[in-house]
Amino acid sequence: MRLYKMELYKLCCRKSFIIGAVCTMGILLLFFLIKVASECSYVDGVRYEGFQAVQVNRRITEEYQGVLTDEKVKSIVEKYGFPGKVDENTGYRDKNFLNAFVEYYLSDGYCWDWDDYKLATRVYPIADTDLGEAARLTGKDIVLEYSDGWYIFSEVLQVALLIGGILVLIGISPVFANERQTKMQQLLFTSKDGVKKNICAKIAAALTVGFCVWSVIVVMDLLLCGMVYGFSGLNCLAGIIRIGGLNTYVPITMLSIGSYITVMLLRTLQGIMLLCAVTLCISAYFKSTFSSIVTSMICFGMPVLMFMLFRSCYNLLGRIIVSLMCALLTYSSPIYSILYPMNDCRSLGGVYVFMAISAAEFVLFTAVAYRTERGLKDCV
Numbered sequence: 096m097r098l099y100k101m102e103l104y105k106l107c108c109r110k111s112f113i114i115g116a117v118c119t120m121g122i123l124l125l126f127f128l129i130k131v132a133s134e135c136s137y138v139d140g141v142r143y144e145g146f147q148a149v150q151v152n153r154r155i156t157e158e159y160q161g162v163l164t165d166e167k168v169k170s171i172v173e174k175y176g177f178p179g180k181v182d183e184n185t186g187y188r189d190k191n192f193l194n195a196f197v198e199y200y201l202s203d204g205y206c207w208d209w210d211d212y213k214l215a216t217r218v219y220p221i222a223d224t225d226l227g228e229a230a231r232l233t234g235k236d237i238v239l240e241y242s243d244g245w246y247i248f249s250e251v252l253q254v255a256l257l258i259g260g261i262l263v264l265i266g267i268s269p270v271f272a273n274e275r276q277t278k279m280q281q282l283l284f285t286s287k288d289g290v291k292k293n294i295c296a297k298i299a300a301a302l303t304v305g306f307c308v309w310s311v312i313v314v315m316d317l318l319l320c321g322m323v324y325g326f327s328g329l330n331c332l333a334g335i336i337r338i339g340g341l342n343t344y345v346p347i348t349m350l351s352i353g354s355y356i357t358v359m360l361l362r363t364l365q366g367i368m369l370l371c372a373v374t375l376c377i378s379a380y381f382k383s384t385f386s387s388i389v390t391s392m393i394c395f396g397m398p399v400l401m402f403m404l405f406r407s408c409y410n411l412l413g414r415i416i417v418s419l420m421c422a423l424l425t426y427s428s429p430i431y432s433i434l435y436p437m438n439d440c441r442s443l444g445g446v447y448v449f450m451a452i453s454a455a456e457f458v459l460f461t462a463v464a465y466r467t468e469r470g471l472k473d474c475v
């Protein structure tokens, strides 16, 4: 425990880590404020923006929250009407959470772009829409609650964890490499604690740093979204976490938002912990901190970059290569787990497959880091 505390203190007290942590929290807060500032709501002839729009949307939704019925839909249209003023930059200018929801899912109107839209003129019975089909497939009633906060939570989380991943990478890259750079290797690993305890303490401290970075980001994001948007909406369909996401052919969009967010958090945690393991493995192979950081950065961003470069292959061989790379390098990589934790998975089973791959990779890279460093120390 003494060694573990010492290593944890060394990692957390580096100036680069402290500055990076402050910058990460600052970026999280800034991005959240930008998202809040973009909100709008139109009620009783008055257009609200920013924080005030969020509070108005929350207030008007309280009257209709609960199981969605045709009577509630009719009441929403009678009270707020359909959106009818299209803006080049913001889409409908006279929308609020309720009439935008009805317009998209339950009417004959649409707005794909500022010059490609059709104003709604009628509503369909719930049973005749995708919402009705989702209710039949899931065997559950459609719940209407104000759920935009969970979309903002997921958006802010991905950006903050990307920056947090870079912070983790920079913070733990020196764990093994810095010892060889400063010629402290022989001194540290001839102590009475022995090689095994020293290596285990370093690995445990590095993984703790990764977990703490993830935890602080998640908690801060959750508190911000809870204070502004509230915590309602967990019983709604995950596909309507933001208008346009429901797809009855993709079962994962018909999970409850609560289940969706839970799995997403586990997937992003896996991404951060896998990043720790990969970075430790790289650090064990290099003799300088700079080389370790640069190599870790390349490995962190390479999977998505490779996917972008090779996704345009249309021949059979190209498709096979892309498919294998997606399964092994991209979807199970740290950066993809952080940025797109639930994308490209048509079912929850698909998510579990990639989580299993990531777990196996975590164990493998951690073991390789330990064995590599242990082998080097035995040669000292």
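The opening residue of the sequence shown carries number 96 in this note's numbering; numbering runs sequentially from there.
Where is the CB? At the ideal position from N, CA and C, for every residue including glycine.
(request) For tyrosine 435, decide whether its Cβ has a neighbour in chain D, counting only Cβ atoms nearer than 8 Å. (result) Here chain D cannot be found, since the structure has a single protein chain.
(request) Could you give the DSSP three-state label for glutamate 134: helix, strand or coil? (result) Taking the first residue of the sequence shown as position 1, residue 134 is located at position 39. DSSP places glutamate 134 in coil when its eight states are reduced to three.
(request) Enumerate, from N- to C-terminal direction, the unbroken alpha helix (DSSP H) stretches of 4 or more residues contained entirely within the region 342-409. (result) 352-378, 384-405
(request) Compute the Euclidean distance between the alpha carbons of aspartate 210 and alanine 195, then round it to the nearest angstrom. (result) Mapped onto the sequence shown, residue 210 falls at position 115. Mapped onto the sequence shown, residue 195 falls at position 100. Each residue's alpha carbon lies about 18 Å from the other.
(request) Would you mind stating whether threonine 374 and isoleucine 261 have Cβ atoms separated by less than 8 Å? (result) For this step, residue 374 is matched to residue 279 along the sequence shown. For this step, residue 261 is matched to residue 166 along the sequence shown. The Cβ atoms of threonine 374 and isoleucine 261 lie no closer than 8 Å to each other.
(message) Output needed for glycine 334: all residues of its chain with C-beta closer than 7 Å, excluding positions within five of it in sequence on either side, in chain order.
(response) Locating residue 334 in the sequence shown gives position 239, counting from the first residue. Once the five neighbours on either side are set aside, the close Cβ partners of glycine 334 are Gly340, Leu341, Asn342, Thr348, Met349.
(message) Assuming the contact rule is C-beta atoms closer than 8 Å, tryptophan 309 and leucine 256 should be a hit. Round their C-beta distance to whole Å, please.
(response) Taking the sequence shown and counting its residues from 1, the one referred to as residue 309 is at position 214. Taking the sequence shown and counting its residues from 1, the one referred to as residue 256 is at position 161. About 7 Å separates the two Cβ atoms, so the contact holds.
(request) Give me the Cα-Cα distance between leucine 434 and phenylalanine 248, rounded to the nearest whole angstrom. (result) In the sequence shown, residue 434 corresponds to position 339, counting from 1. In the sequence shown, residue 248 corresponds to position 153, counting from 1. Near 13 Å, if we compare the C-alpha coordinates of phenylalanine 248 and leucine 434.
(request) Assign lysine 297 to one of three DSSP states: helix, strand, or coil. (result) Along the sequence shown, one-based indexing puts residue 297 at 202. Note: lysine 297 maps to helix in three-state DSSP.
(message) If you reduce the DSSP assignment to three classes, tell me which class methionine 101 lands in.
(response) As a first step, residue 101 must be located in the sequence shown, where it is residue number 6. Reduced to three states, the DSSP call for methionine 101 is helix.
(request) Report yes if the CB atom of glycine 204 is closer than 8 Å to the CB atom of alanine 222, and no otherwise. (result) The residue given as residue 204 occupies position 109 in the sequence shown. The residue given as residue 222 occupies position 127 in the sequence shown. No, they are not a contact pair.
(request) Take isoleucine 356 as the anchor and find which of Gly121, Leu252, Cys371 has the nearest alpha-carbon. (result) Numbered from its first residue, the sequence shown carries residue 356 at position 261. For isoleucine 356, the nearest C-alpha among the options comes from Leu252.
(message) I'd like the list of long-range same chain contacts for cysteine 108, defined as Cβ closer than 7 Å, with 5 residues on each side in sequence excluded.
(response) In the sequence shown, the residue the question calls residue 108 occupies position 13. Result list for cysteine 108: empty, nothing under 7 Å.
(request) Just the C-alpha distance for leucine 459 and isoleucine 258, rounded to the nearest angstrom, thanks. (result) On the sequence shown, residue 459 is found 364 positions in, with the first residue counted as 1. On the sequence shown, residue 258 is found 163 positions in, with the first residue counted as 1. Whole-angstrom Cα-Cα distance: 25 Å.
(request) Whole angstroms is fine: what's the gap from tyrosine 219's alpha carbon to cysteine 307's? (result) Taking the first residue of the sequence shown as 1, we reach residue 219 at position 124. Taking the first residue of the sequence shown as 1, we reach residue 307 at position 212. Their Cα atoms are separated by approximately 48 Å.
(request) Evaluate lysine 297 with the Cβ neighbour count: other Cβ atoms within 10 Å of its Cβ, from every protein chain shown; 16 or more gives buried, anything less gives exposed. (result) On the sequence shown, position 202 is the one that residue 297 refers to. Buried, since its Cβ has 16 or more Cβ neighbours within 10 Å.
(request) To the nearest angstrom, report how far apart phenylalanine 177 and glutamate 158 are at their CA atoms. (result) In the sequence shown, residue 177 corresponds to position 82, counting from 1. In the sequence shown, residue 158 corresponds to position 63, counting from 1. For phenylalanine 177 and glutamate 158, the distance between alpha carbons rounds to 18 Å.
(request) With a cut-off of 8 Å on the beta carbons, I'd call cysteine 371 and glycine 305 a contact; round off their distance for me. (result) Looking up residue 371 in the sequence shown gives position 276. Looking up residue 305 in the sequence shown gives position 210. Rounded, the Cβ-Cβ distance is 4 Å, consistent with contact.
(message) Suppose you measure from the CA of isoleucine 336 to the CA of glutamate 102; what does that come to, to the nearest Å?
(response) Residue 336 sits at position 241 when you count from the first residue of the sequence shown. Residue 102 sits at position 7 when you count from the first residue of the sequence shown. One C-alpha to the other measures close to 41 Å.
(request) In angstroms with no decimal places, state the Cα-to-Cα distance between valine 482 and glycine 145. (result) With the chain represented from 96 up to 475, any question about residue 482 goes unanswered, as that position is not in the structure.
(request) Could you tell me the distance, in whole angstroms, from the CA atom of leucine 332 to the CA atom of glutamate 240? (result) Position 237 of the sequence shown, counted from the start, is the residue given in the question as residue 332. Position 145 of the sequence shown, counted from the start, is the residue given in the question as residue 240. For leucine 332 and glutamate 240, the distance between alpha carbons rounds to 10 Å.
(request) For leucine 319, I'd like the list of residues in its chain whose CB is within less than 6 Å of its CB, leaving aside the five on either flank, ordered along the chain. (result) Along the sequence shown, one-based indexing puts residue 319 at 224. Once the five neighbours on either side are set aside, the close Cβ partners of leucine 319 are Phe127.
(message) For leucine 302 and glutamate 456, I'd like the C-alpha separation in whole angstroms.
(response) As a working note, residue 302 is residue 207 in the sequence shown. As a working note, residue 456 is residue 361 in the sequence shown. So the alpha carbons of these two residues sit roughly 15 Å apart.
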